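Student: Numbering follows the working numbering, in which position 78 of the sequence shown is assigned residue number 67; successive positions increment by one, without gaps. Here it is, the structure in full.
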Amino acid sequence: MGTWASIYELADKDYVGNAVIPSEKVIMYDSSNCMVNVPGEKLVILQGLHDFIVVESNNTLLICPRDQEQNVKQVVADVKSKFGTKYI
-10 MGTWASIYEL ADKDYVGNAV IPSEKVIMYD SSNCMVNVPG EKLVILQGLH DFIVVESNNT
50 LLICPRDQEQ NVKQVVADVK SKFGTKYI
């Protein structure tokens, strides 16, 4: 599986660099260069975020600066340690 950075690089982006998958229910104000991936039924509103990853999977929401994506492996390990695999 690719990283969020590689998915961002391959994704279609709007005029300020936001990649939103799917994009039907995402509204952004003063936000740029963000990668957003949430379930289609979820409404997401971002205000003033720049260069962030916003993803939801398995009932877990991750909001992380794009330049700190390398820390996600440790976050996943911490979640597994504390909650098991329910949220991974």
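A virtual CB, placed ideally from N, CA and C, is assigned to each residue, including glycine. Keep in mind that this is a model prediction, so the values were computed, not measured.
What is the DSSP secondary structure of E58, reduced to helix, strand or coil?
Tutor: Looking at E58 - three-state DSSP - the assignment turns out to be helix.
Student: The alpha helix (DSSP H) that contains I(-4), what's its start and end?
Tutor: Per DSSP, I(-4) belongs to the alpha helix (DSSP H) from -7 to -1.
Student: If you reduce the DSSP assignment to three classes, tell me which class V15 lands in.
Tutor: Note: V15 maps to strand in three-state DSSP.
Student: How would you call S20, buried or exposed, if buried means at least 16 neighbouring beta carbons within 10 angstroms?
Tutor: Label assigned to S20: buried.
Student: Could you check the C-alpha separation between N60 and Y4 for me, to the nearest Å?
Tutor: Whole-angstrom Cα-Cα distance: 28 Å.
Student: Nearest to P28 by CA position, among I10, G6, D1, is which residue?
Tutor: The shortest Cα separation from P28 among I10, G6, D1 belongs to I10.
Student: Helix, strand or coil for V68, going by three-state DSSP, please let me know.
Tutor: Looking at V68 - three-state DSSP - the assignment turns out to be helix.
Student: Within 10 angstroms of its Cβ, does A66 collect 16 or more other Cβ (buried), or is it exposed?
Tutor: Under this definition A66 is an exposed residue.
Student: Apply the 10 Å Cβ neighbour rule to I42 and answer buried if 16 or more other Cβ atoms are within range, or exposed otherwise.
Tutor: I42 is buried by the Cβ-count criterion.
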